[in-house]
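A.B. asks: In the working numbering, the protein residues as written are 413 to 1360.
From the three backbone atoms N, C-alpha and C, an ideal C-beta is built for every residue, glycine too.
Quick caveat: nothing in here was measured; it's all calculated off a predicted structure.
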Amino acid sequence: MSPTTDTTQGGHRLVIVESPAKAKTIKGYLGPGYVVEASVGHIRDLPNGAAEVPDKYTGEVRRLGVDVEHDFQPVYVVNSDKKSQVKKLKELLAEADELLLATDEDREGEAIAWHLQEVLKPKVPVRRMVFHEITKQAIQEAVANPRELNQRLVDAQETRRILDRLYGYEVSPVLWKKVMPRLSAGRVQSVATRLVVERERERIAFSSAEYWDLTGTFGTGRDGDQTDPGTFGARLTSVDGRRVAQGRDFGPNGQLKRGVDVLHLDEAGARALAAALADSRFTVRSVESKPYRRSPYAPFRTTTLQQEASRKLGMGAKVTMQVAQKLYENGFITYMRTDSTTLSDTAIAAARSQVTELYGADYLPDKPRTYASKVKNAQEAHEAIRPSGDRFRTPAETGLTGDQFRLYELIWMRTVASQMKDAVGQSVTVKVGGRSSDGRDAEFSASGKIITFHGFMKAYVEGADDPNAELDDRERRLPQVAEGDPLTAERIEADGHATKPPARYTEASLVKELEDREIGRPSTYASIIGTILDRGYVFKKGTALVPSFLSFAVVGLLEKHFGRLVDYDFTAKMEDDLDRIARGEAQAVPWLRRFYFGEGTAGGAAEAGNGDGDHLGGLKELVTDLGAIDAREVSSFPVGEGIVLRVGRYGPYVERGAKGEEGSQRADVPADLPPDELTVELAEQLLAKPSGDVELGTDPQTGRMIVAKDGRYGPYVTEVLPEDTPKTGKNAVKPRTASLFKSMALDTVTLQDALKLMSLPRVVGTDPESGTEITAQNGRYGPYLKKGTDSRSLEREEQLFTITLDEALAIYAQPKQRGRAAAKPPLKELGTDPTSGRPVVVKDGRFGPYVTDGETNATLRREDDVETITPDRGFELLAEKRAKGPAKKTAKKAPAKKTAAKKTAAKKTTTAKKTTAAKKTAAKKTTTKKAAAKTTAAKKAAVAEQPE
């Protein structure tokens, strides 16, 4: 049957996809006999709190949304924001002759299709329509070849969802009670956070060490050219046959590894040896040459795309997936959530055709290249991520711009390169030896590489996580020398090096680490990283992921009392078990029962208690007895010299001595301070600063204490109200509060200053013409005058107390400035944006500093600092903003037309009746909601980890 033909006379087929963008694209490929509509993602899920659970459920089912006593039956509810869409889908289905469920071909897509079928309850035939690219041919083939729902995939997704709900809803409340309210735990999110914390622990334990070696510049005595240089550099490798220490000989702690037999040169020793070798004669001791060959990289799968987009384009994992989603929905690439590196025959033919067309037949291998998946339990039936269609559009042919162009170009280059010939050449190692004036034998080594045929490197070269790493296409030419050739030492220099702490994870390297450890599904990594950033467990410093002090407390608690739940091997094994369920090799309910209840088997969730290994219990048992968890202990970390860092409800702080003790000290720690930078010296400086609350004295008029504080929006002064002062209700009293002027500081502000500040706004006088009072006030955007609704800015804060009525009237006599004031100079220049090609600068705006390229503006985040922000970080912020698209504007409603008096009166009567009924209904709903909310107030904040 042709997809452009009606199924029956006057009838049609209803096609349901997830997104409106996809619906719009697919609609263009189908004829008038089809209606294409979006579900807009999941239409139902587990409830977010007890208020959403139907009244027939009670107890644990109401709390968890899962009936753990009856085979872990989930309670599904239609999302409140999807009810109108469900109603629309039912109306469209009522007029259809067939339903085609065209959601994505993975576990999540299969589950969405199943939920649609369960909720819509169709009375017409239902088929599953699947495709991995949105092209006319692919869509028409999918319509012509539907299949049935894959219940095994649905069961696998459901098991994963239930597991994540149990983990999140049982462990998160432990964090609320013992660390801080509204925290969340998750099966993969907590392990990902632990990885970032462990890396920071290594940096804290790190102690830098120096090591020295020599670099020699040797000459052959011939004039050099591009193919045969006359000189080359070589590094000292051994002295008297003993290897010289290099960076690889030092451990993660920065110190020389135990048992390593190397010569550890210090500065004095290196300089003495360099001097002794200055006039020595050197010869070539050996020349080793061997063929060099490098094969192309496999086409992209989800994680490798995220890594390369981060390295080459500065895009975070979340932005990468947002941009890729748009490319997929608009028909430019195949499905972007895949573990596969396989290309279809159609794609291979298209890639090989472009290799010949763009690079010539010499770059095309005799046989097509195939790539085996490196992902264990790869579950998707998709291809690799590639340009869509049976002929690839070059980037210039797409008409794309900005981030979509850049990401498409990356995918296109990688796909084409995967079907090209190897790069080949020669690698050479030259050993150079000489004897010093004091009789020591020194040997130097130099390595070179010449690429004689670049092959796939003409199209694409992979990036590296280490910015100092040498890329594959880098050549190093050495002179043509032979064993025994004499060499002249033109320069021998001592080189000092210092060991560096382990690099923090970036989004790219964390994705790689999670995949290497087989933790979680690759399709979830972007959302996992987004979650730990949003929860405040991790923040960004440039591109590096830095753990917060809060994450140290959370991870410490989980490691000590829920060790197996954050154990890397155990988490990977859970992933294996879930994949076995997906393949039908294991049953979901017995596995969930062992995980949750334990049943005394080795399949239990974690070792009970503190990990003594005597008993393996289930998750339920672990979260039942929390008496062994000392809340103060898990949130306390010794700094040194009697100073302890504590993670409090309102942020981290350092403390010396117990609170209330004589001589005790306490000071807040900046929330964006990287933990490895909190040294004893810095802690001493923080403690030496004035505390957040400085008592200034008593207001002589009210008798209330006036204090100065350091608040979220800067320092301010306020009065302390008596304890019995009503804080809420009709008679509530608010304390007088005022921000400090920019010229003031917490350690110098006086009581008199505070009383003056709190006296604002100040009455300047009355306008003799209008009789309107003029006041001087300090606002969010600076000092200003106010006369009725007319405001005028003042130049300096001090004018608030000094400006006279005549001066104020003179300001109001001037025409009011319209439009913007003169532009402020930029705070910092970051260079040219790789997407827009425009210069990027940091500016100071009404809501704080922001980066802009003149077209797109992006506000700096809490962890960003104007002084230290890097160009890459600026480009990343702009990329994120572009990926979100323009802000949605709310259309203004047109004014209602006037109607006849009769109609108006009738409408009023009807409206009054409706309003009375609505009020009664609303009151009833409010009462019901309040009752439900009371039972779930503490639990509603639990956030289970999102499924893939």
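Classify Ser619 as buried or exposed, calling it buried when 16 or more other Cβ atoms lie within 10 Å of its own Cβ.
C.D. replies: exposed
A.B. asks: Please tell me whether His389 and Thr746 are closer than 8 Å, where the distance is taken between their beta carbons.
C.D. replies: Since the displayed the chain opens at 413 and closes at 1360, residue 389 lies outside it and no answer follows.
A.B. asks: I'd like the ranges of any alpha helix (DSSP H) spanning at least 4 consecutive residues and lying wholly in the stretch 1096-1164.
C.D. replies: The alpha helix (DSSP H) runs of length 4 or more contained entirely in the stretch 1096-1164 do not exist; there are none.
A.B. asks: Taking the CB atoms as reference points, tell me whether Arg798 and Leu755 lie closer together than 8 Å.
C.D. replies: yes
A.B. asks: Helix, strand or coil: which one does DSSP assign to Arg1174?
C.D. replies: Residue state, collapsed to three classes: strand.
A.B. asks: Leaving out five residues on either side along the sequence, give the residues of the same chain with a beta carbon under 6 Å from the beta carbon of Pro664.
C.D. replies: If we look at Pro664 and ignore the five residues flanking it on each side, its Cβ neighbours are Glu614, Pro914.
A.B. asks: Closer than 8 Å, CB to CB, is Val531 near chain C or not?
C.D. replies: Checking the listed chains, one finds no chain C in this structure; it contains a single protein chain.
A.B. asks: When we look at the beta-carbon of Arg559 and count the other beta-carbons within 10 Å, is it buried (16 or more) or exposed?
C.D. replies: Label assigned to Arg559: exposed.
A.B. asks: Assuming Ile1118 contacts Gly1126 under a Cβ cut-off of 8 Å, what Cβ separation, rounded to an integer in Å, is found between them?
C.D. replies: The Cβ separation is near 17 Å, so there is no contact.
A.B. asks: Would a C-beta distance cut-off of 8 Å place Gln831 and Arg764 closer than the cut-off?
C.D. replies: In contact: Gln831 and Arg764 (Cβ atoms closer than 8 Å).
A.B. asks: Using 8 Å as the Cβ pair cut-off and three pairs as the minimum, do the stretch 809-817 and the stretch 828-842 touch?
C.D. replies: no
A.B. asks: Leaving out five residues before and five after Phe694 in sequence, what residues of the same chain have Cβ atoms less than 7 Å from its Cβ?
C.D. replies: Phe630, Val844, Gly845, Gly846, Leu899, Ala901
A.B. asks: For Asp802, which of Lys779, Asp757, Gly445 has the nearest alpha-carbon?
C.D. replies: Of Lys779, Asp757, Gly445, the residue nearest in Cα terms is Asp757.
A.B. asks: Are Glu741 and Lys434 touching if we call contact CB-CB under 8 Å?
C.D. replies: Yes, they are a contact pair.
A.B. asks: Hey, could you find the ends of the alpha helix (DSSP H) Asp981 is sitting in?
C.D. replies: Where Asp981 is concerned, the enclosing alpha helix (DSSP H) stretches over 980-994.
A.B. asks: Assuming Met541 and Ala514 form a contact by the criterion Cβ under 8 Å, report the distance between their Cβ atoms to the nearest whole angstrom.
C.D. replies: 4 Å
A.B. asks: Between which residues of its own chain and Glu997 is the CB-CB distance below 6 Å, once the five residues before and five after are set aside?
C.D. replies: none
A.B. asks: For Val531, I'd like the list of residues in its chain whose CB is within less than 8 Å of its CB, leaving aside the five on either flank, ordered along the chain.
C.D. replies: Same-chain partners within the cutoff: Ile455, Arg456, Val490, Val498.
A.B. asks: Output yes or no for whether 8 Å exceeds the beta carbon distance between Leu587 and Leu595.
C.D. replies: yes
A.B. asks: Nearest by alpha-carbon distance to Lys1198: which of Glu1209, Ala1220, Glu622 is it?
C.D. replies: That would be Ala1220, whose Cα lies nearest to the Cα of Lys1198.
A.B. asks: With the cut-off set at 8 Å, would you say Arg634 and Phe856 are in Cβ contact?
C.D. replies: no
A.B. asks: So the candidates are Asp625, Gly671, Val696; which of them puts its Cα closest to the Cα of Gly659?
C.D. replies: Asp625
A.B. asks: Just the C-alpha distance for Thr1013 and Gln1077, rounded to the nearest angstrom, thanks.
C.D. replies: A caution first: Thr1013 carries a pLDDT of 45, below 50, which makes its placement in the model unreliable, though a value can still be read off. Cα-Cα distance, rounded: 50 Å.
A.B. asks: Count Cβ pairs between the stretch 710-726 and the stretch 767-774 that sit closer than 8 Å; are there 3 or more?
C.D. replies: no
A.B. asks: Note down the Cα distance separating Ile760 from Thr714, rounded to an integer number of angstroms.
C.D. replies: Note on geometry: alpha-carbon atoms of Ile760 and Thr714 lie some 19 Å from one another.
A.B. asks: Cα separation between Glu430 and Arg749?
C.D. replies: 15 Å
A.B. asks: Less than 7 Å between C-beta atoms, sequence neighbours within five positions excluded: which residues of the same chain meet that for Leu1158?
C.D. replies: Pro1102, Val1106, Ala1120, Asp1122, Pro1127
A.B. asks: Nearest-angstrom Cα distance between Gln1226 and Gly1260?
C.D. replies: 29 Å
A.B. asks: Going by the beta-carbon positions, is the gap between Ala1034 and Phe974 smaller than 8 Å?
C.D. replies: Per the sequence shown, the amino acid found at residue 1034 is Leu instead of Ala. Yes, they are a contact pair.
A.B. asks: Quick check: what's the CA-CA separation for Ala796 versus Phe712?
C.D. replies: 6 Å
A.B. asks: Bridge partners of Val609, per DSSP?
C.D. replies: Answer by DSSP bridge pairing: none, since Val609 is not bridged.
A.B. asks: Among Arg947, Thr955, Ala1144, Arg1005, whose alpha-carbon lies nearest the alpha-carbon of Ser602?
C.D. replies: Arg947
A.B. asks: Can you find the residues in the same chain that come closer than 6 Å, C-beta to C-beta, to Leu636, ignoring five residues on each side of it along the sequence?
C.D. replies: The amino acid occupying residue 636 in the given sequence is Gly; Leu does not appear at that position. Around Gly636: Gly642.
A.B. asks: Based on Cα-Cα distance, which residue from Ser935, Val656, Lys535 lies nearest to Gly521?
C.D. replies: Ser935
A.B. asks: When you compare each of Ala1188, Lys1146, Arg1208 to Lys1154 by their alpha carbons, which one comes out closest?
C.D. replies: Arg1208
A.B. asks: For Leu1038, count the other beta carbons within 10 Å of its own beta carbon; 16 or more makes it buried, fewer makes it exposed. Which is it?
C.D. replies: By the neighbour-count rule (16 or more Cβ atoms within 10 Å), Leu1038 is not buried but exposed.
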